[in-house]
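Asker: Numbering (our numbering), first residue to last: 88 to 419.
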Amino acid sequence: MKNELKTWVSGLPKAELHLHIEGSLEPELMMSLANKHGVELPYSSIEEVRAAYDFHNLQSFLDLYYLGASVLRVEDDFYQLMFAYLTKCRADNVVHAEIMFDPQTHTARGIGFEVFMPGFARAMKQAENEWGQSSLLIMSFLRHLSEESALQTLDDARHYLAMITAVGLDSAELGNPPEKFERVFAKAKSYGLKRVAHAGEEGPPEYIWGATKVLDVHRIDHGVRSIEDPDLIKHLVEKQIPLTVCPLSNTKLKVFKHMQEHNIIQLLEHGLLATINADDPSYFGGYLNDNYFALIDHLPITKPHLLQLVQNSFSASFLPEEVKQDWLAKIV
Ligand code: ADE
Ligand code: ZN
C-alpha cells in the first residue's frame, strides 16, 4: 500500500515552492568546486562531508550551509548548481520550481549579482528549452544581518528585477523578528515584487503574525508553529495564506523529534493551504519526492491528503491563474 502511494505521488506533476538553491549543493559538487578554486574545507572526503550533517538546531545547520556556499565563485559554478537542481526536478516530476537564493552569502565574499544571476539564468533557460521546466527566483534576505544590508541588497538587485519574482526572508529566526524588515519589504512591494518569509520554524506564532501583518507576505515558509495559536490558524485559513512545509528539514533540525510527530495532517485538517517542499535537500537527505515518501512511511497520511498537498503546491504558487488551472486539471 505504501509503495503504491509512493509510485502514484512520484508520477504526479508537482510544484516546489520552498527550495534554497545553496541548500541543493551536493557534497560531490562542493568538493570538486573546492578543488577547482583551492578553497580549504574542513573535510577530506565526501563521506566526511555527509557525516558532518548531523544538526541539533537551525543554527548548527546554517554554519555548515554558509561554509559550503563558499566554494561558489564564478558564473559556471552557479550554473552547475542550478542545472543540477533542475535535473532533480525533472526526475521527481517537479514541473514548476520557485527557487530561493541568498545574495548576501555571495556579495559578502565580493561575488556580485553579475556573477550569480547569469549562471542561474543560463541553467533555467536551458532546462526550459530542453524539457519545458518552469522556474522562477525568490531573492531572500538574511535576517541575522541588518536592515541596511538588506536595503543595499535590494538596491544591488536593481538591474536584475525582471528576473526576480519575489523577495524572501531566511537564516536565524530567533531574535530576528519580521518587523526588522518592514521598510525593506515595503520597498520591495513598491517595486512590484511578491513577498514570502520564513516564520514559525523555530520562532513563535507572533513571528507568523508579524510576517502576515507587517511584511504583507503571500506565503509563510514553514509556519508549523502556527498550530500553537488557534486565532492565527483561523486567520491563515480565512485568508488562505499558504504554508510551505518541509518535513525532512523539520526533523533534521529538530523542530520535530521524529517524523511520527510531524503536524502536517493536523495543518491540513484545519483547512490550511499547506504544501510539501525540500528546503535544503542536499543537507537534509532528500529531494521533493523523498519528503512525500517520509510522510507516507511515518504518518497515517491518506491518498486524499496527498492529493490535497499536490494540488496546493500549484494553488499556492506564483504561476498565472490559467497555468495553475491547467496543472490542477491534470492531477487526479
Ligand atoms: N536558509 C536555508 N534554509 C533555511 C531554513 N530552513 N531556515 C532558515 N534559513 C534557511
Ligand atoms: Zn528554508
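Just so you know, even glycine gets a beta-carbon here, dropped at the ideal spot from N, CA and C.
Less than 7 Å separating the Cβ of residue 305 from some heavy atom of the ligand MG?
Answerer: The ligand content of the structure shown is limited to the ligand ADE and the ligand ZN, which means the ligand MG is not among them.
Asker: To the nearest angstrom, how far is it from the Cα of residue 163 to the Cα of residue 297?
Answerer: By 1-based counting over the sequence shown, the position of residue 163 is 76. By 1-based counting over the sequence shown, the position of residue 297 is 210. Straight-line Cα distance between these residues: approximately 38 Å.
Asker: Assuming residue 140 and residue 379 make a contact with CB atoms under 8 Å, what is their CB distance in whole Å?
Answerer: Here the question's residue 140 lines up with position 53 in the sequence shown. Here the question's residue 379 lines up with position 292 in the sequence shown. Going by Cβ atoms, the distance from residue 140 to residue 379 rounds to 21 Å, so no, they are not a contact pair.
Asker: Rounded to the nearest angstrom, how far is the Cβ of residue 252 from that of residue 223, given a contact under 8 Å?
Answerer: The residue given as residue 252 occupies position 165 in the sequence shown. The residue given as residue 223 occupies position 136 in the sequence shown. Going by Cβ atoms, the distance from residue 252 to residue 223 rounds to 4 Å, so yes, they are a contact pair.
Asker: Measuring straight from C-alpha to C-alpha, what distance separates residue 102 and residue 197?
Answerer: Working through the sequence shown from its first residue, we reach residue 102 at position 15. Working through the sequence shown from its first residue, we reach residue 197 at position 110. Roughly 33 Å between the two C-alpha positions.
Asker: Do residue 156 and residue 112 have their CB atoms nearer than 8 Å?
Answerer: Sequence index remark: in the sequence shown, residue 156 carries index 69 (1-based). Sequence index remark: in the sequence shown, residue 112 carries index 25 (1-based). For residue 156 and residue 112, yes; Cβs fall inside 8 Å.
Asker: What's the call for residue 245, buried or exposed, on a 16-neighbour Cβ count within 10 Å?
Answerer: Your numbering for residue 245 matches position 158 in the sequence shown. Exposed, by the Cβ-count rule.
Asker: Helix, strand or coil for residue 307, going by three-state DSSP, please let me know.
Answerer: Here the question's residue 307 lines up with position 220 in the sequence shown. Looking at residue 307 - three-state DSSP - the assignment turns out to be strand.
Asker: Excluding the 5 residues preceding and the 5 following residue 324 in the sequence, name in chain order all residues of the same chain whose CB lies nearer than 7 Å to its CB.
Answerer: Within the sequence shown, the letter at position 237 stands for residue 324. Counting only Cβ-Cβ distances below 7 Å, and skipping sequence neighbours, we find 357, 358 and 359.
Asker: Where does residue 183 sit, in a helix, a strand or coil, going by DSSP?
Answerer: By 1-based counting over the sequence shown, the position of residue 183 is 96. DSSP places residue 183 in strand when its eight states are reduced to three.
Asker: Over the uninterrupted alpha helix (DSSP H) stretch that includes residue 161, give me the two end residues.
Answerer: Counting from one through the sequence shown, the residue named residue 161 turns up at place 74. Per DSSP, residue 161 belongs to no alpha helix (DSSP H) and is neither H nor E.
Asker: Could you compute how far the alpha carbon of residue 161 sits from the alpha carbon of residue 285?
Answerer: Here residue 161 is taken as the residue at index 74 of the sequence shown, counted from 1. Here residue 285 is taken as the residue at index 198 of the sequence shown, counted from 1. Rounded to the nearest angstrom, the two C-alpha atoms are 28 Å apart.
Asker: For residue 214, which of 239, 248, 173 and 205 has the nearest alpha-carbon?
Answerer: Looking up residue 214 in the sequence shown gives position 127. The option with the nearest alpha carbon to residue 214 is 173.
Asker: In whole angstroms, what separates the C-alpha of residue 388 from that of residue 407?
Answerer: The residue you call residue 388 lines up with position 301 of the sequence shown. The residue you call residue 407 lines up with position 320 of the sequence shown. Spanning the two alpha carbons is a distance of roughly 30 Å.
Asker: Does the region 195-210 come into contact with the region 115-124, if we say contact requires no fewer than three beta-carbon pairs (one atom in each stretch) closer than 8 Å?
Answerer: Counting Cβ pairs under 8 Å, fewer than three are found: no touch.
Asker: Considering only the alpha carbon of each residue, which of 335, 344 and 348 lies closest to residue 363?
Answerer: One-based indexing of the sequence shown puts residue 363 at position 276. Closest by alpha carbon: 335.
Asker: Comparing alpha-carbon positions, which option in 320, 100 and 93 lies nearest residue 410?
Answerer: Here residue 410 is taken as the residue at index 323 of the sequence shown, counted from 1. For residue 410, the nearest C-alpha among the options comes from 100.
Asker: The beta strand (DSSP E) spanning residue 362 covers which residue range?
Answerer: Reading the sequence shown from its first residue, position 275 is the one you call residue 362. Taken as a continuous stretch (DSSP letters only), the beta strand (DSSP E) holding residue 362 covers 361-363.
Asker: Considering only the beta carbon of each residue, do residue 177 and residue 220 sit closer than 8 Å?
Answerer: Your numbering for residue 177 matches position 90 in the sequence shown. Your numbering for residue 220 matches position 133 in the sequence shown. Result yes, Cβ atoms of residue 177 and residue 220 sit closer than 8 Å.
Asker: Is there at least one non-hydrogen atom of the ligand ZN closer than 7 Å to the beta-carbon of residue 107?
Answerer: Taking the sequence shown and counting its residues from 1, one reaches residue 107 at position 20. Yes; taking the cut-off as 7 Å, the Cβ of residue 107 has a heavy atom of the ligand ZN nearer than that.
Asker: List the whole-angstrom C-beta distance separating residue 106 from residue 184, where the pair is believed to meet the contact cut-off of C-beta under 8 Å.
Answerer: On the sequence shown, position 19 is the one that residue 106 refers to. On the sequence shown, position 97 is the one that residue 184 refers to. Yes, residue 106 and residue 184 are in contact; Cβ-Cβ is about 6 Å, under 8 Å.
Asker: Hey, quick one: how far does the alpha helix (DSSP H) through residue 192 stretch, first residue to last?
Answerer: Within the sequence shown, numbered from 1, the residue matching residue 192 stands at position 105. Counting along the chain, the alpha helix (DSSP H) containing residue 192 begins and ends at 190-194.
Asker: Between 143, 209 and 142, which has its C-alpha nearest residue 169's C-alpha?
Answerer: As a working mapping, residue 169 is identified with position 82 in the sequence shown. Measuring from the Cα of residue 169, the nearest candidate turns out to be 209.
Asker: What do you reckon, are the CB atoms on residue 342 and residue 293 nearer than 8 Å?
Answerer: The residue labelled residue 342 in the question sits at position 255 within the sequence shown. The residue labelled residue 293 in the question sits at position 206 within the sequence shown. In this structure, residue 293 does not lie closer than 8 Å to residue 342 by Cβ.
Asker: Using CA atoms only, rank isn't needed, just tell me which of 385, 386, 384 and 417 is closest to residue 397.
Answerer: By 1-based counting over the sequence shown, the position of residue 397 is 310. It is 417 whose Cα lies nearest to the Cα of residue 397.
Asker: On the DSSP letters alone, give me the boundaries of the beta strand (DSSP E) that residue 102 sits inside.
Answerer: Counted from its first residue, the sequence shown places residue 102 at position 15. Element bounds for residue 102: 101-107.
Asker: Compute every distance between the C-beta of residue 258 and the non-hydrogen atoms of the ligand ADE, then say whether any falls below 7 Å.
Answerer: Here residue 258 corresponds to residue number 171 of the sequence shown, with the count starting at 1. It does: the Cβ of residue 258 is within 7 Å (strictly closer) of some heavy atom of the ligand ADE.
Asker: Thinking C-beta only, is residue 310 closer than 8 Å to residue 340?
Answerer: Residue numbering aside, residue 340 sits at position 253 when the sequence shown is read from its first letter. Residue numbering aside, residue 310 sits at position 223 when the sequence shown is read from its first letter. The answer is no: Cβ separation not under 8 Å.
Asker: Considering residue 351, what are the terminal residues of the alpha helix (DSSP H) in which it resides?
Answerer: For this step, residue 351 is matched to residue 264 along the sequence shown. Run containing residue 351: 351-356, per the alpha helix (DSSP H) assignment.
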